[in-house]
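Structure, as structure tokens:
There are 2 protein chains.
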Amino acid sequence: MMADALRVLVNGKPLDCISTSDRGLLYGDGLFETIAVSGGRLCHWARHLQRLQSGCERLGIEAVNAAQLAEECRSLVQASQQAVIKIIITRGCGGRGYRVPERPRPTRVIQVHDWPDYPASCAERGIKTRICHARLGQNASLAGIKHLNRLEQVLASREWDSPDIREGLMLDTDGHLVEGTMSNVFMVKGGILMTPDLTLCGVAGIMRARLLELAQRHSIETGIQPVDPDTLLQADEVFVCNSLIGIWPVIGVDEHAFTKGPVTANLQTLLLDEPVSQ
Amino acid sequence: MMADALRVLVNGKPLDCISTSDRGLLYGDGLFETIAVSGGRLCHWARHLQRLQSGCERLGIEAVNAAQLAEECRSLVQASQQAVIKIIITRGCGGRGYRVPERPRPTRVIQVHDWPDYPASCAERGIKTRICHARLGQNASLAGIKHLNRLEQVLASREWDSPDIREGLMLDTDGHLVEGTMSNVFMVKGGILMTPDLTLCGVAGIMRARLLELAQRHSIETGIQPVDPDTLLQADEVFVCNSLIGIWPVIGVDEHAFTKGPVTANLQTLLLDEPVSQ
């Protein structure tokens, strides 16, 4: 398949093709990053790269050649005002069986996608969400990293059809709130900004880390802790976030209504004022 | 990539290539089967097909065209005395994001592999195993099915190098014994054949099902139940099984020694005497 409509590089070549022996396909044995592109620049590249390298280290995948990866990404988006870069790094090809071959050569996939057409109202007025039935299994050895084993998120996102629902919130198998299917979740209660602890499951989002730092720099008290659904429903403010959507206030969780609050609005403003690091 | 050395069909075509937008790669959104081929025939085809269809149903993937799949598999192995067929069914291609596109067309991958050169001693004298540090997360909605989210098995299989260790046994996050990285596990205690309950995690193996049925037909009492590591270590006999290895007696779990016992030997004989259904 030639990579025309979708702009793709696989190991540096413009061909939308990976082998059926790639362990990314066989076992989800790899990682990904989703990066906003603005004015031809990769937003917060250093943070994404750092998370990718840390994920490689945790899975025992050879470290990425950062200069090469950055160059390939930039070559794809230099003409893009707004776009999305998705990077996938897999352990590479291997024989049948889970055992890792002796010196696997990682596979490097870069895709450019159009910027998603989110309505402005999502950030301005907020979104409705639901709590999904699909749960997140707990496993500390995979928690935090953005790996390719995402069936739980796929199952959760199949639970609703209504375009009014913009995100599903997920609990772990013990019933703690963890994250959205594609976002991290924050709550404000008594002026304190809280987000679920991700020691046992969940993806440690780049935007989540940025917001925690931003809050601390602006003397907003923060807490990272286990959160049960009652704590969520009793919060003064709720929002979800990721690298593409920024902050979306949550104005509904199932039948429970919320209003966009001052801490959420303040963080949205602070975020817009932040320089986009590369 | 042409599919020469590795014999491969992707959606019926002899080309070792899937799109980087295939959800099998992006999210592990799919299933697989590993089938023994003997004398050009697909051993226990009906059971493998049934598990594959049941997995598709649970993940909401369109049912497989069974006649087409069987015909493609047979076309690849008709000249093979002994080989392994691996089938991968993914939900197909989709845009960026977990939401499933409206009518995705599943991707169908069939690979033929050489028969693995397991030493005869594995089945005859038995194998040494270890209990892995890597745990299996619990999630009832994914338990039992042979899906493509296999990072836990990959991490477990990276824990040892010694060729003397032929399999790693895995516990779930609550400390219950579940299975081997590539096999199911059975124990015999007081003449009763026991295997772990797979309600919360694990793969419900075809060989596991066959052995449970075989035991019942030959009046061997069976039990499917939660198993803790102490129960394993106090067993009279232990073995692991899958569709390729058959039964391998376990003669060691870490420092704990076992001997191949009469129930294991009996099941091995009964298995050899069984007709190979197609």
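As they're listed, the protein sequences go chains A and B. Going by our numbering, the final residue of the first sequence carries number 280, and the count climbs one at a time with no gaps. Going by our numbering, the final residue of the second sequence carries number 280, and the count climbs one at a time with no gaps. Where is the CB? At the ideal position from N, CA and C, for every residue including glycine.
I'd like to know if residue i contacts chain B, where contact means its C-beta is closer than 8 Å to some C-beta of that chain.
i                 : result
Tyr100 of chain A : yes
Val10 of chain A  : yes
Arg137 of chain A : yes
His149 of chain A : yes
His111 of chain A : In the sequence under discussion, the amino acid at residue 111 of chain A is Val, which differs from the His named in the question. Output row for Val111 of chain A: interface = yes.
Met184 of chain A : yes
Leu157 of chain A : yes
Arg160 of chain A : yes
Thr175 of chain A : yes
Express the C-alpha separation of residue j and residue i in angstroms, rounding to a whole number.
i                 : j                 : result
Val156 of chain B : Asn13 of chain B  : 27 Å
Ile37 of chain B  : Ile89 of chain A  : 33 Å
Lys148 of chain A : Leu213 of chain A : 18 Å
Gly207 of chain B : Glu223 of chain A : 50 Å
Arg43 of chain B  : Cys243 of chain B : 21 Å
Gly128 of chain B : Met209 of chain B : 17 Å
Leu17 of chain B  : Ala69 of chain B  : 21 Å
Met196 of chain B : Gly146 of chain A : 36 Å
Tyr100 of chain A : Ala259 of chain B : 26 Å
Ala158 of chain B : Gln140 of chain A : 16 Å
Tyr171 of chain A : Gly204 of chain A : It should be pointed out that residue 171 of chain A corresponds to Leu in this sequence rather than to Tyr. For Leu171 of chain A and Gly204 of chain A, the distance between alpha carbons rounds to 11 Å.
Cys124 of chain B : Trp250 of chain B : 6 Å
Pro108 of chain A : Ala65 of chain A  : 9 Å
Ser23 of chain A  : Val111 of chain B : 10 Å
Gly263 of chain A : Ser245 of chain B : 58 Å
Leu234 of chain B : Asn151 of chain B : 27 Å
Trp47 of chain A  : His178 of chain B : 42 Å
Leu51 of chain B  : Glu35 of chain B  : 8 Å
Leu54 of chain B  : Asp174 of chain B : 24 Å
Asp256 of chain B : Arg132 of chain B : 5 Å
Gly193 of chain A : Leu71 of chain A  : 41 Å
Asp6 of chain A   : Gly96 of chain B  : Summary for Asp6 of chain A: the model assigns pLDDT 40, below 50, so the residue's position carries little reliability; its value from the coordinates is reported in the next sentence. Taking the straight line joining both Cα atoms gives about 16 Å.
Cys134 of chain A : Ala81 of chain B  : 49 Å
Gln84 of chain A  : Cys45 of chain B  : 53 Å
Leu200 of chain A : Gly225 of chain A : 12 Å
Does residue i get closer than 8 Å to chain A when you measure Cβ to Cβ?
i                 : result
Ser21 of chain B  : yes
Glu154 of chain B : yes
Ser164 of chain B : no
Asp232 of chain B : no
Asp6 of chain B   : Legend: pLDDT at Asp6 of chain B = 40, less than 50; position of this residue unreliable, no value from coordinates given.
Gly192 of chain B : no
Gln2 of chain B   : Absent from the structure is residue 2 of chain B, since the part of chain B shown begins at 3 and ends at 280.
Asp18 of chain B  : yes
Arg49 of chain B  : no
Gly62 of chain B  : yes
Leu171 of chain B : no
Met3 of chain B   : Only weak support exists for where Met3 of chain B lies, its pLDDT of 45 falling under 50; the coordinates are left without a value.
Leu216 of chain B : no
Leu144 of chain B : yes
Thr197 of chain B : no
Arg168 of chain B : no
Leu54 of chain B  : no
Need the endpoints of the alpha helix (DSSP H) that residue i sits in, please.
i                 : result
Gln55 of chain B  : 47 to 61
Ala217 of chain B : 208 to 219
Gly41 of chain A  : Gly41 of chain A -> no alpha helix (DSSP H), and no H or E assigned at all.
Leu78 of chain A  : 68 to 79
Gln270 of chain A : 264 to 275
Asp232 of chain A : 231 to 235
Gln155 of chain B : 153 to 159
Ends of the beta strand (DSSP E) at residue i?
i                 : result
Gly248 of chain A : 248 to 255
Thr224 of chain B : 224 to 227
Pro198 of chain A : 194 to 198
Leu27 of chain A  : It is not in any beta strand (DSSP E) - Leu27 of chain A instead sits in the alpha helix (DSSP H) that spans 25 to 29.
State the CB to CB distance for the pair residue i and residue j, rounded to an integer number of angstroms; the pair is presumed to be in contact (CB under 8 Å).
i                 : j                 : result
Leu273 of chain A : Leu216 of chain A : 7 Å
Ala211 of chain B : Arg49 of chain B  : 7 Å
Glu74 of chain A  : Leu33 of chain A  : At roughly 16 Å, the Cβ-Cβ gap does not stay under 8 Å, so Glu74 of chain A and Leu33 of chain A are not in contact.
Gly254 of chain B : Gln270 of chain B : At roughly 18 Å, the Cβ-Cβ gap does not stay under 8 Å, so Gly254 of chain B and Gln270 of chain B are not in contact.
Val39 of chain A  : Val102 of chain A : So it is not a contact: roughly 33 Å between Cβ atoms.
Thr266 of chain B : Phe241 of chain B : 5 Å
Ala136 of chain A : Glu154 of chain A : 6 Å
Met189 of chain B : Ala237 of chain B : 4 Å
Asp31 of chain B  : Arg93 of chain B  : 5 Å
Glu169 of chain B : Gly182 of chain B : 5 Å
Examine the ligand NAP and report whether any of its heavy atoms sits within less than 7 Å of the Cβ of residue i.
i                 : result
Ser159 of chain A : Summarising the ligand content, the structure contains no ligands, and the ligand NAP is consequently not present.
(request) Check each residue of the stretch 24 to 42 of chain B: if its Cβ is closer than 9 Å to any Cβ of chain D, include it; give the result in chain order. (result) Absence of chain D from the displayed structure is noted, the protein chains being A and B.
(message) If the cut-off is 9 Å on Cβ atoms, which residues from the stretch 69 to 97 of chain B count as contacting chain A, listed in chain order?
(response) Among the residues of the stretch 69 to 97 of chain B, those with a Cβ less than 9 Å away from any Cβ of chain A are Val86, Lys88, Ile90, Thr92, Arg93, Gly97, in the order of the chain.
(message) Under 7 Å, CB to CB, which of the residues in the stretch 113 to 141 of chain B have a partner in chain A?
(response) Residues passing the 7 Å Cβ filter: Gln113, His115, Ala136, Arg137, Gly139, Gln140, Asn141.
(request) Determine which residues of the stretch 248 to 277 of chain B have a Cβ less than 9 Å from any Cβ of chain A, and write them out in chain order. (result) Nothing from the stretch 248 to 277 of chain B brings a Cβ to less than 9 Å from some Cβ of chain A.
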